[in-house]
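Here is the structure we will look at.
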RNA sequence: GGAGAGGUCGCAUAGUCCGGUCUAGUGCGCGCGACUCGAAAUCGCGUGUGGUUAUGCCACCGGGGGUUCGAAUCCCUCCCUCUCCGCCA
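Residue numbers (my numbering): 1 to 421.
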């Protein structure tokens, strides 16, 4: 959420942000009007309440019964006005709040302009693409051929966009999660085991609601929403807290499955394990002071890059342009790995500086020193990594002519296999 | 699922029966100051959050609603915690 005071004082900054994101700046005018009216009515309301409070105190002090009744009549009249104004102010408040919740974050000036993902900027490509002496197979042929990846059974169990892994591929999946978590822990991140469902206000704080309702799985009976990423409960952890400035930066990591309703037409992009309705991911998350967030984004990015070095998979780094930037992000780097079987670069991680956007929504603050005014923290999130796409990259890059798969060196202790065959 | 107890300003508690003098006392913690060569101890002062057209005013005693001129206090409802019983992975 953006600061209403900022919008009030510099509306053009906000309009410009929307235009950069290829969105309509019109809501700003409505927000300004709502804000102005709300404040006008609010001060009227408060003046009336002040009158009522002092009159009521007077009644308490007064001995004379008929005098009391006179004042009571007066207060009853004031109360009718208060009721009306109170209702009006609550309505204005709700409308304003709703409009603010729909506004995306303001892109960092550093973010390249662009209309959509075609204008993202490739910053670098790291590692040589492997030369194959044979034609590399896509994972969705390789897996079933080995007998450890079963799309039919996934569909039988849960419908389209689900699959079943087994044997060594199931083990690879589990080992990968374990290795990633251990890697982050060794770099100072604290591991969390989190609920895979959260309440609505957590979704709101993380910025998933109200805008992305149609992409979320939801238990209507219980106000329980399935997490689309561990970023959501990691944001919720400190909702309402005032953190100790001395303790920042907080570096967190967690594994969760991620549930995403994505109504794509059945087709090429949904083939294989690239875009399931459920997938595993290890997430990284930081709470820091405002002045540190840019540096922390670089730190997080370096931590992610390190993983790809260790896995020895070629990757490239993209900076998202203004038109493709996520709703809550001010600046995002995507890391994409090369998958030679399907011949695509696959996004396995996305690292974003959200600044105070989630902190405002979730009211997450810190105190610089004891007694100082609370300030909003900055939050950052990054995948480290998305499991299915990392598995695609491993399966396709490490495949041999006989269809067996070499297990990357760093994973051998975790998977307890040298090869999948 | 059944029976009961409870949720108050960082923590611990008082206040709730008998509505106004309670935004709210006390202890601890924390901050500033005094005393001291310095420290401990002691003493004094201060110490929630937010809104606002701002030396003021308004809101907040788990959430929501009601009664009343006036609610931490009375009523309804929801949530959560704890104890006992039942059931169960």
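All C-beta atoms, glycine included, are put in the ideal place defined by N, C-alpha and C.
Cβ-Cβ separation, residue j to residue i (assumed contact under 8 Å), whole Å
i           : j           : result
residue 337 : residue 123 : No, residue 337 and residue 123 are not in contact; Cβ-Cβ is about 15 Å, not under 8 Å.
residue 114 : residue 321 : 3 Å
residue 112 : residue 325 : Contact flag wrong, Cβ pair sits at about 10 Å.
residue 148 : residue 167 : 5 Å
residue 227 : residue 196 : 6 Å
residue 367 : residue 245 : 6 Å
residue 49  : residue 75  : Not confirmed; about 11 Å, so no contact.
residue 393 : residue 313 : 5 Å
residue 287 : residue 248 : 6 Å
residue 319 : residue 121 : 5 Å
residue 283 : residue 397 : With a Cβ gap of about 24 Å, residue 283 and residue 397 do not count as contacting.
residue 422 : residue 45  : Outside the displayed span of the chain (1 to 421) sits residue 422, for which this structure offers no information.
residue 47  : residue 71  : Contact flag wrong, Cβ pair sits at about 18 Å.
residue 340 : residue 130 : 6 Å
Test item: CB-CB of residue i and residue j under 8 Å
i           : j           : result
residue 224 : residue 281 : no
residue 285 : residue 346 : no
residue 273 : residue 391 : yes
residue 161 : residue 215 : no
residue 237 : residue 384 : no
residue 354 : residue 329 : yes
residue 7   : residue 14  : yes
residue 37  : residue 92  : yes
residue 358 : residue 127 : no
residue 331 : residue 350 : no
residue 304 : residue 264 : no
residue 34  : residue 89  : no
residue 138 : residue 342 : yes
residue 405 : residue 395 : yes
residue 447 : residue 170 : Absent from the structure is residue 447, since the part of the chain shown begins at 1 and ends at 421.
residue 414 : residue 178 : yes
residue 27  : residue 77  : no
residue 213 : residue 253 : no
residue 360 : residue 375 : no
residue 462 : residue 410 : Given that the chain is displayed from residue 1 to residue 421, the structure contains no residue 462 and the question cannot be resolved.
residue 101 : residue 210 : yes
residue 18  : residue 25  : yes
residue 205 : residue 67  : no
residue 105 : residue 188 : no
residue 116 : residue 276 : no
residue 307 : residue 183 : yes
residue 172 : residue 403 : no
residue 142 : residue 399 : yes
Where the alpha helix (DSSP H) through residue i begins and ends
i           : result
residue 97  : 65-101
residue 146 : 139-146
residue 53  : 27-61
residue 414 : 412-415
residue 125 : Run containing residue 125: none in the alpha helix (DSSP H); it sits in the beta strand (DSSP E), 121-126.
residue 307 : 293-311
residue 13  : 11-20
residue 231 : 231-236
residue 357 : 357-362
Identity of the residues DSSP links to residue i by a beta bridge
i           : result
residue 175 : According to DSSP, residue 175 bridges with nothing at all.
residue 197 : 226
residue 257 : 280
residue 332 : 352
residue 152 : Beta-bridge pairing links residue 152 to no other residue.
residue 419 : 406
residue 251 : 286
residue 205 : Residue 205 pairs with nothing; no bridge assigned.
residue 346 : 337
residue 182 : Bridge partners of residue 182: none, in fact.
residue 400 : BP columns for residue 400 are empty, so no partner.
residue 164 : 150
residue 116 : DSSP output for residue 116 lists no bridge partner at all.
Extent of the continuous beta strand (DSSP E) to which residue i belongs
i           : result
residue 1   : Here residue 1 belongs to no beta strand (DSSP E), and DSSP marks it neither H nor E.
residue 383 : 378-386
residue 319 : 315-319
residue 365 : 365-367
residue 212 : It is not in any beta strand (DSSP E) - residue 212 carries neither H nor E in the DSSP assignment.
residue 242 : 242-244
residue 190 : 190-192
Cβ-heavy atom distance, residue i to the ligand ZN, below 7 Å
i           : result
residue 283 : The ligand ZN is not part of this structure, which contains no ligands at all.
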